[in-house]
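One structure below.
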Amino acid sequence: MVGLDLFSDYLSSYSAILIFIIIAFGFGAVTLTLSWLVQPKYPETEKLSTYECGAEPFSDSRMPFPVRYYVIAMLFVIFDIEVIFLYPWAITFNQTGLIGFIEMMIFIGLFVVAYVYAWRKGALEWD
Amino acid sequence: MLDFGVRFALTVSQIGVVMVAVLLTVAALTLLERKVLSWMQDRMGPMEVGPYGILQPVADGLKLFFKEDIIPAGANRVMFMMAPVLSLVPALIGFAVIPFGPNWTVEIFDVEFKPFIISDINIGILYILAFTSIGAYGIILGGWSSNSKYSLLGGLRAAAQLISYELNVGLSIVGVLLLTGSLSMVAITEAQAGGFWNWYFFAFPFPQAIAFGVFIISAVAETNRVPFDLPEAESELVAGFFTEYSGMRFAFFFLAEYANMILVSCVATVLFFGGWQAPFTFLQGTGSFMWVSGIFWFAFKVSAFLFFFFWIRATLPRLRYDQLMRFGWKVLLPIAIGNIVLTAIFAYIFPGS
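Shown next as structure tokens:
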């Protein structure tokens, strides 16, 4: 397969996915609309207030939250990019030979260094 | 133009069949989960609706469909309404790249058509990883937009948990990719042909049993199931990120959770247990019988995983949040990296197997 053939092959396999996405969204929209048409609607203040064990909510819920979550998110971004770098190497493992093997072991070594650093700095603690 | 029309009709009907199958399985699972849990606890489970309670999912579905959809006063309306759909759609479209049976091509009106896979793209597994991460947005947005403290806490916990364990899922499958040399789900299945000793769980040169352990534990955490159901821990957070949801939107979160469960079971089957291949070649059958046995073995393996999900729900207590994060980052992650290094070494020493 070359040129146009390859392109049309790509187009047909990815258009199937696009159709699936549209159908899945359509399923969601149609079901919610139908349910909205048949359901009762009796809004009242008590019912619309957010749940807080039956008591009246006493403050806004958009409150500050621990910075721990933010640290975890940053670590995730860094490590996930490194994981994605492992994929092309894994796919071409049989073709890259000894050089590829050694290079990737160095890369994983750097990964481990970063991981140990994060661990020793206490970024993985949750107290 | 006719080609295009036929292809479009075939694709749409194929997608329809897969979606209906998934949604019916979800309906059956909601009942089966309650039944299995009940039997394990020496109870009967749902018995009222229909014989042995088999119509319970229909009753539940109808009830949720006709319930009022309450949007709390302080909520961010657009996000609140969008979140359930955003978490359901990624769970459904992941099934586009799962091979349910042999990789056959049939010709219908001069159009080549693969009946047992919707789209065999060459980055199948990457596609599934990418879309399951988008599912996390639905959960976080749902938790944040509700303007409820329980929802916010549930959403935050879900976010941290999902991204932590996603890392382990990503790392644990690198071993399989090393041995296969492809990201396509069809190629991964076909590389495991010829009997159960070729499945990557057992395969020479380095069995991926450790990777499978990491994968299945992380998959349980990714789907927010017991013992990792901290985002919706009912004894501390009421219902977590969907506390404020009711009616059909609540049902969508529920559908998404179960559809995700089926999806990770399918992925585990394809990556580690040979997909639709029978454990012995003589059980596979020949000729046109092959697709029957293929679908049977695929469904059998997926069902075994789904049973496993129910089983651990009945067996294991819930973790504490700090234990959960420590387990993900300090236990599973090093194991997954070690598995990659060992697999690479073995695959280098014994090439071409």
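As they're listed, the protein sequences go chains A and B.
The first sequence lines up with residues -10 to 116 when you count with the working numbering.
The second sequence lines up with residues 623 to 975 when you count with the working numbering.
No residue lacks a Cβ here, since even glycine has one placed at the ideal position from N, Cα and C.
Keep in mind that this is a model prediction, so the values were computed, not measured.
| Item | Value |
| --- | --- |
| Reference Glu812/B, options Gly960/B, Thr845/B, Phe735/B, Phe894/B, closest by Cα | Phe894/B |
| Separation of Val796/B from Val808/B, as counted between CA atoms | 17 Å |
| Contacting residues, own chain, Cβ-Cβ under 8 Å from Ile962/B (five flanking each side not counted) | Leu793, Val796, Gly797, Leu800 |
| Beta strand (DSSP E) segment containing Phe753/B, residue limits | Premise fails: Phe753/B lies in the alpha helix (DSSP H), 746 to 767, not in any beta strand (DSSP E). |
| Selection of the segment 795 to 825 of chain B by Cβ proximity to chain A, strictly under 7 Å | Val796, Leu799, Leu800, Gly803, Ser804, Leu805 |
| 9 Å Cβ cutoff, Lys110/A in contact with chain B | no |
| Assigned secondary structure, Val56/A (DSSP; H/G/I helix, E/B strand, else coil) | coil |
| Ala695/B Cβ short of 8 Å to the ligand FMN heavy atom set | Absence of the ligand FMN from the depicted structure is noted, as is the absence of any ligand whatsoever, leaving it without description. |
| Met870/B, buried or exposed, once every other Cβ within 10 Å from all chains shown has been counted against 16 | buried |
| Contact set between the segment 873 to 884 of chain B and chain A, restricted to residues whose Cβ is under 9 Å from the partner | Ala873, Phe874 |
| Own chain residues within Cβ distance below 6 Å of Gly667/B, not counting five before or after | Arg656, Lys657, Ser660 |
| Closer than 9 Å to chain A by CB, Ile637/B | yes |
| Backbone CA spacing between Gly15/A and Asn769/B [nearest angstrom] | 27 Å |
| 8 Å Cβ cut-off: residues of chain B touching Ala103/A | Under the 8 Å cutoff, chain B gives no residues; its nearest Cβ is about 11 Å from Ala103/A. |
| Ile10/A to Ser925/B span [Cα, whole Å] | 26 Å |
| Reduced DSSP category for Val628/B - H, G, I as helix; E, B as strand; rest coil | helix |
| Other residues of its chain near Phe100/A: CB distance less than 7 Å, five sequence neighbours each side excluded | Glu71 |
| Leu775/B versus Gly862/B, Val648/B, Gly764/B, Arg699/B, residue with shortest Cα-Cα distance | Gly862/B |
| Any C-beta of chain B under 9 Å from that of Tyr106/A | no |
| Residues sharing a beta bridge with Phe735/B, DSSP | Val728/B |
| DSSP-derived helix/strand/coil call for Asp682/B | helix |
| Short CB-CB distance (under 9 Å) between Ile41/A and chain B | Checking the sequence shown, residue 41/A turns out to be Glu, not Ile. Interface residue, yes. |
| Residues in the segment 7 to 26 of chain A having any Cβ partner in chain B nearer than 9 Å | Ile8, Phe9, Ile10, Ile12, Ala13, Phe14, Phe16, Gly17, Ala18, Thr20, Leu21, Leu23, Ser24, Trp25 |
| Local conformation of Phe834/B per DSSP, three classes | helix |
| Presumed contact (8 Å Cβ cut-off) between Thr903/B and Gly817/B, rounded CB distance | 6 Å |
| Buried/exposed call for Lys736/B, threshold 16 Cβ in 10 Å | buried |
| Nearest residue (CA-CA) to Leu941/B, options Arg847/B, Phe930/B, Met701/B | Arg847/B |
| The alpha helix (DSSP H) enclosing Gly89/A, as first and last residue numbers | 82 to 109 |
| Own chain residues within Cβ distance below 6 Å of Ile832/B, not counting five before or after | Asn961 |
| Pro29/A: contacting residues in chain B (beta-carbon distance under 9 Å) | Phe688, Lys689, Glu690 |
| Per-residue contacts from Ile97/A into chain B (C-beta, under 9 Å) | Ile959, Ile962, Val963, Ala966 |
| Candidates Pro721/B, Ser887/B, Met641/B, of which the one nearest Ala841/B by Cα | Ser887/B |
| Contact belief for Leu764/B with Ala705/B at Cβ below 8 Å, rounded distance in angstroms | A small correction: the amino acid at residue 764/B is Gly; Leu does not occupy that position in the sequence shown. At roughly 4 Å, the Cβ-Cβ gap stays under 8 Å, so Gly764/B and Ala705/B are in contact. |
| Neighbourhood of Phe932/B by C-beta distance below 6 Å, restricted to the same chain and skipping five residues each side | Glu655, Val658 |
| Residues of the segment 843 to 856 of chain B with Cβ closer than 8 Å to any Cβ of chain A, in chain order | none |
| Val914/B: first and last residue of the uninterrupted alpha helix (DSSP H) it sits in | 912 to 937 |
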